[in-house]
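K.L.:
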Amino acid sequence: MASGAGPALAHRSVASIRAAPIQSGPSTPHTPGRNIASTYGSPSTVRADDDVVVIELGSRHVRAGFAGDSRPKATLQCGPQDQRRVGDFRGWQGSGRRAGLDWSSEHEFWRFDMRNVDLGLCQDNLERVIRDAFTKYLLIDSRPRRLGLVLDSAVPVPLLTAVLDTMFNRFQCPTVSLMASSVTSAVSAGVRSALVIDMGWAETVVTSVYEYREVKSTRSIRGGRLLLDVLYKAMHSLLRDKHSDDEPRIISFDECDDIARRMMWCRPSASRASHRESTQLETVEEQDESEAESSQDALQSGVASIPINSMNPPETLEIPFEKLAEICDETFFDALAAQATFDDHELPIHLLIYQHLLQLPLDVRAICMPRIIFTGGCSNILGIKQRIIDDVTAIVAKRGWALVAGKGVDQLRNNANLHRRPSSSPPADTTPPPLETGEDQEAAKPSAADATPEHDPIEAKVARYRETPPQMHGQFRVVHSLGPWTGGSLLCQLKMPAMAIIDREVWLQQGANGASRPSDIDVKATQRQSMNTGGTLTRLRCRNLRPGAHAARSWSRGLADAGASTSAKRPPSAPKPIVDIKHIRQNPELYERTCIERNYKRQAPNAALIVELHAKWQDLQRQGRTLRERSNLLRRQLANPATSSDDQDLQEVRLMSREQIQDEARTLKQELSVIEKGESQAVAQMEELALEIPNLTSDDTPRGDEPEVLSYINNPPTFTESPEDKIWRSHVHIGSELGLFDFAGAATASGWGWYYLLGEAAQLEQALVQYALATATRHGWTQVSPPSMVYSHIGAACGFQPRDESGDQQVYTIAQSAADVERGVPEMCLTGTSEIALAGMKANTTLDSEDLPLKRVAVSRCYRAEAGARGADTKGLYRVHEFTKVEMFAWTAPDEDVGIEVMDEMLDMQTEILSSLGLYCRVLAMPTHDLGASATRKVDMEAFFPSRRDGWGEVTSASLCTDYQSRRLGTRARIDGRITFPWTANGTALAVPRVLAALLENGWDEESKTVAVPECLRPWMDGKDKIGLGKRRTSVDRV
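So in full-length UniProt numbering, spot 903 of the sequence shown is number 903, and the numbers just go up one at a time.
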């Protein structure tokens, strides 16, 4: 059929319809054509680009619409036909589903109990529903749009993560604003504080909102799901009475839900007073009392005939209206059961509300009682709102707001003797105060306002017979609300700050941690909002990417220059280091000797300085304690001179005048401020000095600067060594001969220390990486793809300083704009090894003992400044600024045997890799002079290089760091119920450029002009056993 034969599609442009070409024919008068603005094209263009789409996410329904509308444009739900993943076509084979009470899960998007929830299925259902809402109801295209998400504040974190992942990855939303459904319900009711009772599908939630802030939330499982289960059981029992048990009778979920919506009603409260306060009713709805009573009588005596079309053949079920009321009572009130039989999660609604109000502060309770909001589908049941209010009112009238209830309390309340008023009030105490003279007598003279009134016997007699007004407890009043979606629409339209705003870029980088902590709140921006409450509607800004964020000053790590340290403030996102300063104070000689052995001469006096600072801190503590005791004496004398006159500690103070006491108190306050500032500075200096001290050295580490040879790998090379090997066997010469390197082009593009790998050299690099990963994975190590940029404080916590002892730059830091520096955006740097990113992956987390040892392997690009490292032995690929490396990292239990076992496993894998490559290597225990700040023990493996002067070059390394890194990164482990710090170990599986250079020099055949490819690499080299193929090639030829 032709495209023009059908009706015009809803998304067709109005301009294109009006601008249709005029058919040829006789010229007739007509209205001149006019251009239609593109703004009035398709319905999707009517909405401005900055319109916010508001979505309310419930367990059964999803509501969607535009910000500023009074009601959603679409309310969608899922059914049994949607309970399959994308690409699952089993629905075409017929449902064949088993009937029973588990049917409700097939009509839900999610559940609070996440044990049996398929998050992938939730994401697929959510994507399908939102796409249907966009295309069928909102009539908008798929361009990225800002999103306002209204949901329960207690939504499980895995589900929230899945929802945000769907919004950011499948709909490309630039930002998502999270809003609590209870707060938006209060906003749509036009109140700042309320008691929101959400009678939803999964459960009933009672939330007290005070000044747009959720104060308390309690929950009960008595909701729509339980109502349908009880209704199904009742109807099924009636069907069994009418038919034999052998006949299958199945009632569909849709019919049961429809009956609950249309027929369900609630009895009035048994304790309802005949003349009820009008303030307890909704003012927006009026009903004649006689009509209400007659309708209730008809309901109690009537019988409903309900057709059940899901049966085969269809039948009609006769169910009394009284039975429906019993179902409602059993579900929401359960008056026949004793209160002691209920758990906290299954309290009846009226008891849930009363217990919730009872636990609120007095002022919050007083504000919430006359502002009760009912939301949720179950709140539409006939008469249930009034029943709840009446039952809660009856409980308050019976028990009051006493926290203790029971038989003894009732007997005490009903005892008339305790409530009888005395015949006369006792006379006031007329005992004269102690005599005072002089200024003390003038100061102690009471004022007229503090004088005790005289006893009047006539007034006391009249008061005996005066009617006492009843105590006011406040009145319950229901406030009508337009619902949580409308409140979210209003907030987004007025651009009010939401509970949290998450940017897509930050989410993709940091996940759920993208929203900053409360300390990162933009206070000034919040104060400018008309709805400023300092509470739930505070905007949580994502760090680093949002302009104007109120972040802390940037915290630069390590040395600002040679011989100087920094005391800049650490950013709030940085892990708080927990250094064992007590152990340093108890063993200052040990740490001083460690610094000298490791050639950390500048840090050697730090331990002694810490001892001196601690003594200074203790002295300041004693001075402050003395001043505080003196200040307390002065405060006691000023507050109540009469009662403190006999105190022996105040003999000196009593001789002072009031002005003298006040002057001394001001002086003490200033001195205390100086002492407290000195205390905080001493603590900060001790922490800063402790962070600079390197890790303690293992007993297995050789002292001095000479390494210890532990073993050798493979046999020495068979070729005859000659002085010409320094030139002709250099990998630089071999690579140039075979056209594998381009150092000249890299020097032009990037400078000294960079390189291009061409042709078979690039293929060999990938083969080495894949072989190392395959070996580590075979030994049970999990692969990770880490970032190449981290915060500078993460690198400093791992022991990598931006400058060495000579002051040379060793770490590439990312330049910051003036605006970023002013806002305090944390500094970032390029990682010199993936060890930094892997260690930071578990910063500020607690590991379980079952997960230890936690072993990871990663391949990454590494960036090192290598300042001051040029020389004859650093030519070519041996020392470069950027290279590929496969790194192993592990967290272990804080046990020396376990740590050494993991380190030995790394050494075994390194030995296996180098042995398979056929390289002649030696294994060295590195001395103290060559240890980094974090390592307690280090083992290197050096390969034989014919072109190097000393013949050896480092290709792999393994280090054990004890708890040095975990303490500075805030990584903890829970072992046997105790929180401790795990040990870390790291090792280089393969440093690609150096191993590649060693393979070229050891496998070079001068006669054939080829390099032998190790057998273990040939699967990734297309089966090649040699590189070069016997003829010289230039760089241009190879490319």
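Glycine is no exception: its CB is placed at the ideal position from the N, C-alpha and C atoms.
As the structure is a prediction and not an experimental result, all values here were calculated from the model.
Please say whether R365 and S193 have beta carbons closer to each other than 8 Å?
P.N.:
no
K.L.:
Between which residues of its own chain and E127 is the CB-CB distance below 6 Å, once the five residues before and five after are set aside?
P.N.:
T166 and R170
K.L.:
Tell me whether G832 is buried or exposed, calling it buried when 16 or more other Cβ atoms sit within 10 Å of its Cβ.
P.N.:
buried
K.L.:
V52 and C492 - do their beta-carbons sit closer together than 8 Å?
P.N.:
yes
K.L.:
Determine whether the beta carbon atoms of H731 and S947 lie at a separation below 8 Å.
P.N.:
yes
K.L.:
Is the stretch 897 to 904 touching the stretch 968 to 986 in the sense that three or more CB pairs, one from each, lie closer than 8 Å?
P.N.:
yes
K.L.:
Do the stretch 699 to 708 and the stretch 602 to 619 meet, that is, are 3 or more Cβ pairs less than 8 Å apart?
P.N.:
no
K.L.:
Looking at H350 and I221, is the spacing between their C-beta atoms short of 8 Å?
P.N.:
Not in contact: I221 and H350 (Cβ atoms no closer than 8 Å).
K.L.:
Are the beta-carbon atoms of R219 and V205 separated by less than 8 Å?
P.N.:
yes
K.L.:
Does the beta-carbon of D1025 have 16 or more other beta-carbons within 10 angstroms, so that it is buried, or is it exposed?
P.N.:
exposed
K.L.:
Round the Cβ separation of W752 and E882 to the nearest angstrom and send it over; I've been treating them as touching at under 8 Å.
P.N.:
Taking C-beta atoms under 8 Å as the contact rule, W752 and E882 fail to qualify, at a distance of about 12 Å.
K.L.:
Does the stretch 821 to 837 touch the stretch 793 to 800, meaning 3 or more C-beta pairs lie closer than 8 Å?
P.N.:
yes
K.L.:
Is it buried or exposed, H793, if we count other Cβ atoms within 10 angstroms and call 16 or more buried?
P.N.:
buried
K.L.:
Since P694 contacts E56 with CB under 8 Å, what's their CB separation in whole angstroms?
P.N.:
So it is not a contact: roughly 56 Å between Cβ atoms.
K.L.:
For V187, collect the residues of the same chain with a Cβ closer than 7 Å to its Cβ; drop the 5 residues on either side in sequence, then sort them by chain order.
P.N.:
G487, L490 and L491.
K.L.:
Cα-Cα, which of C862, M941, T971 and E912 is closest to T892?
P.N.:
T971
K.L.:
Quick check on H236: does DSSP put it in helix, strand or coil?
P.N.:
helix
K.L.:
Less than 7 Å between C-beta atoms, sequence neighbours within five positions excluded: which residues of the same chain meet that for G1023?
P.N.:
Within the same chain, G1023 has no close Cβ partners at all.
K.L.:
If we require 4 or more residues per run, which alpha helix (DSSP H) segments fall completely within the stretch 774 to 850?
P.N.:
Segments of the alpha helix (DSSP H) lying fully in the stretch 774 to 850: 792 to 797, 818 to 823 and 834 to 840.
K.L.:
My guess is that L838 and P575 are in contact by the Cβ rule of under 8 Å, so how many angstroms apart are they, rounded?
P.N.:
Incorrect: roughly 15 Å between the Cβ atoms, too far for contact.
K.L.:
Determine the DSSP secondary structure at E203, reduced to helix, strand or coil.
P.N.:
coil
K.L.:
Suppose contacts are defined by Cβ-Cβ distances below 8 Å. Is I675 in contact with L634 by that definition?
P.N.:
No, Cβ-Cβ distance for I675 and L634 is not below 8 Å.
K.L.:
Under the rule that 16 or more other beta-carbon atoms within 10 Å means buried, what is W401, buried or exposed?
P.N.:
exposed
K.L.:
Counting Cβ pairs closer than 8 Å, one from the stretch 620 to 640 and one from the stretch 653 to 667, do we hit at least three?
P.N.:
yes
K.L.:
What residues are listed by DSSP as bridge partners for V859?
P.N.:
V886
K.L.:
I need the boundaries of the alpha helix (DSSP H) containing A958, first residue and last residue.
P.N.:
No alpha helix (DSSP H) holds A958; the beta strand (DSSP E) holding it covers W952 to L960.
K.L.:
Counting C-beta neighbours from all protein chains within 10 Å, is the total for R978 16 or more, i.e. buried, or is it exposed?
P.N.:
exposed
K.L.:
When the Cα of T175 is compared with those of V157, A189 and L149, which residue comes out closest?
P.N.:
Nearest option by C-alpha distance: L149.
K.L.:
Please report the residue range of the beta strand (DSSP E) in which A985 lies.
P.N.:
W983 to A991
K.L.:
Provide the residue span of the alpha helix (DSSP H) that contains C173, from first to last.
P.N.:
Premise fails: C173 is in no alpha helix (DSSP H) and is neither H nor E.
K.L.:
Rounded to whole angstroms, how far is the Cβ of T956 from the Cβ of T988, which I believe are closer than 8 Å?
P.N.:
5 Å
K.L.:
Straight-line CA distance for S860 to A260?
P.N.:
60 Å
K.L.:
Of all the options A340, V396, A335 and A325, which has the alpha carbon lying nearest to the alpha carbon of L358?
P.N.:
V396
K.L.:
Go through its chain and collect everything with a Cβ distance to G376's Cβ below 6 Å, but skip five positions before and after it.
P.N.:
D198, M199 and G200
K.L.:
Residues in the same chain with beta-carbon distance under 7 Å from G1028, minus the five sequence neighbours each way, listed in chain order, please.
P.N.:
L738, K1009, T1010 and V1011
K.L.:
Expressed to the nearest angstrom, what Euclidean distance is found between the alpha-carbon atoms of Q319 and F374?
P.N.:
Sequence inspection shows Ile at residue 319; the Gln mentioned does not correspond to that position. Each residue's Cα considered, the two are about 29 Å apart.
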